[in-house]
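The block underneath contains the structure these notes are about, expressed in structure tokens.
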Amino acid sequence: MTSFEELAKVCTKIENTSSSLEITSVVAGFFKEVDDEELDIVTRFIMGRVFPVWSEKELGIGPNLLYSAIARASCLPIKRIKEFVRDTGDVGLAAEKALSGKVQSNFFTEEELTISEVYLRFRRIAQLTGKGSQDTKVKVLQSLFGSAKPVEIVYLARLSIEELRIGVGEGIVRDAIAEAFNVSSGLVERGIMITNDFGLVASTGKKEGEKGLNELGIILGRPLKMMLSQVTPGIKEAIGEMRSVAVEWKFDGARVQIHKNGKEVTIYSRRLENVTSSLPDIVKSVKANVFAENAILDGEAIALGKDKKPMAFQEILRRFRRKYEVSATAIEIPLFLNLFDILYLNNESLIDHPLSWRRKKLEEVCDKGIIAVQVVTDDISIVENIYKEALMAGHEGVMLKNPGSSYIPGKRGKNWLKLKPIMETLDLIVIGGEWGEGRRANLIGSYLLACRDPDTDTFLPIGRVATGITDEQLTELTKTFKELVISEEGIHVELEPRIVFEVAFEEIQKSPNYESGYALRFPRLVHVRTDKSPGDADTIERVESLYIGQKGRRNSNGNL
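Under this note's numbering, the residue at position 249 of the sequence shown is numbered 250, and the numbers go up by one with no gaps.
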């Protein structure tokens, strides 16, 4: 069994290493040493995750619950713990400081805290529900801290809120698996995208090598990451790139991935959360209109009013969040299914086949009433007309897809392009805020935004947004963010990176004031994207790409 202390020492070493290549080698070396049965857990822990992305389990440990556990374990008041957090700026260092004078409960035994034991206790916490569950969670965490050595306490506290802060993201873990077990990083990445399971891929690479990785396939009932689109500069450029394009209306709907296995239907959101119970009308539609024995389908849930015009996106998200009175809300906000792809059919993966072939299969097994209308053409005027029709109908624009492209899970590329009226937006993670003044004194009135560095799994500040938020939204957001406060100093609040804002802006500027190196000019909140996870936030590469693109437009047009 591998001790948690070994993991903690590796994390400490990583924190003191600046080179990504060196960090990858450190992680790879640890993967080689870990027991086979714990490799699955370690691949997640090293990224600050407790459960697989596809798992429905949630720890449900917020900062306040963590502070309570540290307070009990240290016999200090919660107020003192919060002071430590404010002074250190880190829950791990605060926990270490609070518990520095305590003797661990297993000091006089030969027992040590193992990685498996930590995982089992976290799993128990995730299973606790109902009356008294919060207090029991605190007791389990308190017991963990009581069993931990000083070096372990730092990372136990951080892992409790799934924020390890050592700069190890999916890219480093992918490369570390390849290095540790001498397998192709391309095969490792493919396996991760298909199975959505780093532990499974690592274990397969270790035990079966490249042959085993090649044989990994889609698992029905386990969601895979969804293929993503990027903005096209124009129709002419898209057709020039693809020659002919498959054109579909772009609805302002919520992405869904549907797994049908016999009579059982499971629906996953863009965040890969199981939302089946919230969408009975979509389940009914699938059962009535999908004739395959088993399949994985990609599409959107859209809401149309009595006038057949699209309802606001936030109304759709109300349906996805609804856990009670689902039937009544379904009558108020009926959802319609719009399928545009099929990834798996009757025990066979289809993702490596071209879109044109997948489209035929989709039409063979689904009623046309739930399939997106698609036109394949190389005629610019036809695309322009379809685009105008979509806008007239109140939709976002059109999707332009490469008919010869395969389905690449989790990737944003040039094979799927979206065309909509020019108003650039970014999906950014909220990492902090500021308390307001005057009538907004009890509300968090301004939010610090960050883009994502996918290699280090860190968030890079890029600006603040306070415009486009109604008083009603501020009240609701403040209530949500109060549960995510890590520390406070004056009016400044540090928040757990859980919530994604879609933000519009006039321009991206170079700026030394933010760690990303960029700032947004005139940012404005468009949507609170509760359908997106922190991993869906836009990357620093996308920010850089937009910055370069706007410079090009300025040079060619004389302005933006």
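By construction, the Cβ of each residue, glycine as well, lies at the ideal position given by its N, Cα and C atoms. Computed from a predicted structure; not experimentally measured.
Within the continuous alpha helix (DSSP H) that includes residue i, where are the two ends?
i, result
"proline 462", "Premise fails: proline 462 lies in the beta strand (DSSP E), 459 to 466, not in any alpha helix (DSSP H)."
"tyrosine 388", "381 to 393"
"lysine 98", "92 to 99"
"glutamate 316", "314 to 322"
"proline 117", "Before going on, a small fix: residue 117 reads as serine here, not proline. Unbroken alpha helix (DSSP H) run through serine 117: 116 to 128."
"glutamate 16", "5 to 16"
"aspartate 308", "It is not in any alpha helix (DSSP H) - aspartate 308 carries neither H nor E in the DSSP assignment."
"methionine 243", "236 to 243"
"serine 407", "No alpha helix (DSSP H) holds serine 407; DSSP gives it neither H nor E."
Please list, in chain order, all residues of the same chain as residue i whose beta carbon is under 6 angstroms from its beta carbon, the five residues on each side excluded.
i, result
"valine 276", "Ile268, Ser270, Phe321"
"glutamate 516", "Leu461, Pro462"
"glycine 200", "Asp41, Thr44"
"alanine 158", "Val92, Gly93, Ala96"
"aspartate 198", "Pro53"
From the DSSP output, in three-state form, read off residue i for me.
i, result
"proline 535", "helix"
"tryptophan 417", "strand"
"asparagine 262", "strand"
"tryptophan 436", "strand"
"glutamate 365", "helix"
"glycine 559", "Low local confidence applies: a pLDDT of 38 at glycine 559 is under 50, so the model's placement there is unreliable, with the coordinate-based value given in what follows. Note: glycine 559 maps to coil in three-state DSSP."
"phenylalanine 182", "helix"
"leucine 526", "strand"
"isoleucine 352", "coil"
"isoleucine 343", "strand"
"valine 139", "helix"
"glutamate 84", "helix"
"phenylalanine 108", "A caution first: phenylalanine 108 carries a pLDDT of 47, below 50, which makes its placement in the model too unreliable to give a value."
"leucine 547", "helix"
Starting from residue i, trace the beta strand (DSSP E) in both directions and tell me its first and last residue.
i, result
"lysine 251", "246 to 251"
"leucine 66", "Not the beta strand (DSSP E): leucine 66 falls in the alpha helix (DSSP H), residues 64 to 75."
"threonine 378", "375 to 378"
"aspartate 454", "445 to 454"
Run the CB neighbour count on residue i, radius 10 Å, all protein chains shown included, and call it buried at 16 or more, exposed below.
i, result
"leucine 22", "exposed"
"aspartate 91", "buried"
"isoleucine 541", "buried"
"phenylalanine 5", "buried"
"asparagine 416", "buried"
"tyrosine 448", "buried"
"asparagine 17", "exposed"
"glycine 192", "buried"
"lysine 288", "exposed"
"glycine 235", "exposed"
"alanine 179", "buried"
Ordered along the chain, which non-local residues of its own chain (more than five positions away) have a Cβ less than 8 angstroms from that of residue i?
i, result
"leucine 547", "Glu425, Leu427, Ile509"
"threonine 378", "Ser245, Val246, Val248, Val384"
"arginine 125", "Val141"
"leucine 214", "Val184, Ser185, Leu188, Val189, Arg191, Gly192, Val202, Thr205, Gly206"
"valine 27", "Val11, Lys14, Ile15, Thr18"
Candidates the options: which alpha carbon is nearest residue i's?
i, options, result
"proline 455", "Leu225, Asp176, Val119, Leu160", "Asp176"
"alanine 181", "Lys208, Thr196, Ala127", "Lys208"
"tyrosine 68", "Leu485, Pro234, Ser20, Ser512", "Leu485"
"leucine 165", "Gly235, Val51, Glu7", "Val51"
"isoleucine 470", "Val529, Val431, Ala520, Val266", "Val529"
"isoleucine 220", "Ile352, Leu429, Leu475, Ala72", "Ile352"
"cysteine 452", "Gly536, Val232, Lys261, Tyr345", "Gly536"
"histidine 396", "Pro422, Lys511, Gly464", "Pro422"
"methionine 48", "Ile24, Lys324, Val291, Gly518", "Ile24"
"valine 169", "Ala391, Leu496, Tyr519, Cys12", "Cys12"
"valine 155", "Ser534, Ala520, Phe85", "Phe85"
Using C-beta distances below 7 angstroms, list every residue in its chain close to residue i, excluding the 5 sequence neighbours before and after it, in chain order.
i, result
"serine 286", "Leu338, Ile371"
"asparagine 107", "Any answer about asparagine 107 is weak, because its pLDDT of 48 lies below 50 and its placement is not dependable; what the coordinates show is given next. Answer for asparagine 107: Ser148, listed in chain order."
"glutamate 301", "Phe252, Gly254, Ala255, Arg256, Val257, Asn339"
"lysine 237", "Ile381"
"phenylalanine 123", "Val51, Leu60"
"threonine 479", "Leu444, Ile445"
"alanine 70", "Val139, Leu142, Gln143, Phe146"
"leucine 77", "Ala99"
"asparagine 290", "Cys367, Asp368, Gly370, Ile371"
"valine 152", "Glu6, Ala9, Lys10, Thr13"
Taking CB distances under 9 angstroms as the criterion, tell me whether residue i reaches chain D.
i, result
"glutamate 484", "Given the protein chain composition of this structure (a single chain), no chain D is represented."
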